[in-house]
Amino acid sequence: MITETNAVNFRQNLGEMLNQVQYRHDSVIINKDGKPVAVLIDARLFERIRRMQGRFDALCQKMEAGFSQVTESIGAEEIEAAVAQERRRSTIPAEDH
């Protein structure tokens with residue numbers, strides 16, 4: 124479960140919110156001036172996110188290396204062409220594919 128609270132309420136109820144996160148594996152979004160500024164999450168979830176971030180960063184580096192010879196304008200053109208093709212394909216009724 125995800126709970127939202129403001130910073131003052133979070134500060135006043137820190138112990139209770141730590142218990143929510145530790146024992147129920149809930150998450151708490153902390154808002155300041157009505158905007159989210161931080162999240163309190165379970166330590167195991169945080170470790171999973173860190174591992175995923177490492178794999179994501181490695182994948183991004185491989186993609187960057189693979190496309191290093193492609194100029195930004197050519198890349199943008201290819202992306203636009205692929206999007207247009209997919210939009211055309213998705214507007215065709217399924218039985219026509």
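Each residue of the sequence shown is one higher than the one before, counting from 124 in the working numbering.
From the three backbone atoms N, C-alpha and C, an ideal C-beta is built for every residue, glycine too.
Every value quoted in this text rests on a predicted model; they were computed, and no experiment measured them.
Please identify the residue among the options whose C-alpha is closest to the C-alpha of residue i.
i	options	result
A130	L163, E187, C183 and I172	L163
S150	L182, G157 and A161	A161
With 16 other CB atoms within 10 Å as the buried threshold, where does residue i fall?
i	result
M140	buried
F169	exposed
F179	exposed
Looking at residue i: is its Cβ nearer than 8 Å to the Cβ of residue j?
i	j	result
I153	I125	no
F190	G198	yes
V193	D165	no
Need the endpoints of the alpha helix (DSSP H) that residue i sits in, please.
i	result
I215	Taken as a continuous stretch (DSSP letters only), I215 belongs to no alpha helix (DSSP H), as it is neither H nor E.
I125	Premise fails: I125 lies in the beta strand (DSSP E), I125 to N129, not in any alpha helix (DSSP H).
I172	A166 to G189
Compute the minimum distance between the beta carbon of residue i and the heavy atoms of the ligand FMN, and state whether it is under 7 Å.
i	result
F190	Only the bare structure without any ligand can be found here, which leaves the ligand FMN out of the picture.
Counting along the chain, where does the beta strand (DSSP E) carrying residue i start and finish?
i	result
N136	Taken as a continuous stretch (DSSP letters only), N136 belongs to no beta strand (DSSP E), as it is neither H nor E.
V162	K158 to L163
V151	S150 to K155
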